[in-house]
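Here the structure is laid out as structure tokens; the discussion comes afterwards.
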Amino acid sequence: METENELSKQSLEQISEKLKNKGFEILEDSTQKLLEKIKKTIIQKIAELDIAEDFLLSEFLAHELHKDYSALSKLFSQNHEMTLEQFFILQKIEKVKELLFYNEFSLTEIAGKLGYKSIQHLSSQFKGVTGFTPTEFKRKKEKNRQPLDLL
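Going by the UniProt record's numbering, the first residue of the sequence shown is number 1, and it counts up by one from there.
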């Protein structure tokens with residue numbers, strides 16, 4: 001017998017399906033919750049625009065999430081088609097695209113804010129991900145960006 005506070009499995013599935021159609025999902029298990037927390041933590045760090053040149057993703061995530069980095073890394077790789085480092089790079093490149101799009105900072109400033117040792121390092125990584133240098137990207141009329149949460 002279902003009480004007012006309990007949802008039947010069928011009701012939960014219907015709600016879940018409607019949320020999926022709107023771009024949301026119910027996180028049912030601890031693994032999914034942890035994976036979302038990892039992504040959210042990385043995205044927030046990048047949004048701060050305060051990444052030091054000597055920043056280590058492994059130390060940062062271990063400290064922020066109070067978990068062993070190798071376990072986090074393994075879990076992430078098993079559930080996504082990329083490593084944590086690759087995800088971090090993709091997120092940084094999307095932030096570079098955003099900053100280039102709004103033209104608020106020079107490439108030197110962007111490199112500094114996102115922890116790149118040099119403009120050349122940023123440009124090399126940017127070209128590796130997008131196929132364009134930052135300058136070429138800036139010149140393109142259509143600046144193809146992806147929402148950060150869909151990466």
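Each residue gets a CB set at the ideal place from its N, CA and C atoms; glycine is no exception. Remember, predicted model here, so these are calculated numbers, not experimental data.
Query raised in the report: For L114, which beta-bridge partners are listed by DSSP?
Result: I51
Query - Closest by C-alpha distance to R139, when choosing among K97, Q86 and S77 - result: K97
**Report entry** Local conformation of T133 per DSSP, three classes
**Finding:** coil
Requested in this report: Starting from F101, follow the alpha helix (DSSP H) in both directions and report where the run begins and ends.
Outcome: L84 to Y102
Query raised in the report: Are K92 and I46 closer than 9 Å when you measure CB to CB?
Result: yes
Query raised in the report: Relative to the alpha-carbon of T31, which residue among F55, H121, A71 and T83 has its alpha-carbon at the smallest distance?
Result: A71
Query - Assigned exposure category for A111 - 16 Cβ within 10 Å defines buried - result: buried
Query raised in the report: Taking one C-beta from the region 99–109 and one from the region 55–65 each time, how about it: are there three or more such pairs within less than 8 Å?
Result: no
Query raised in the report: In three-state DSSP terms, what is E59?
Result: helix
**Report entry** C-alpha distance - D68 paired with K74, whole-angstrom precision
**Finding:** 10 Å
Query raised in the report: In terms of residue numbering, what span does the alpha helix (DSSP H) encompassing F76 cover?
Result: Y69 to N79
Query raised in the report: What is the DSSP secondary structure of S8, counted as helix, strand or coil?
Result: coil
Report task. Measure the alpha-carbon distance for K95 versus Q10 and round it to whole angstroms. Result -> 40 Å
Query raised in the report: Near S123, what residues of its chain come up, given a Cβ to Cβ distance below 7 Å and the 5 sequence neighbours on each side ignored?
Result: T133 and P134
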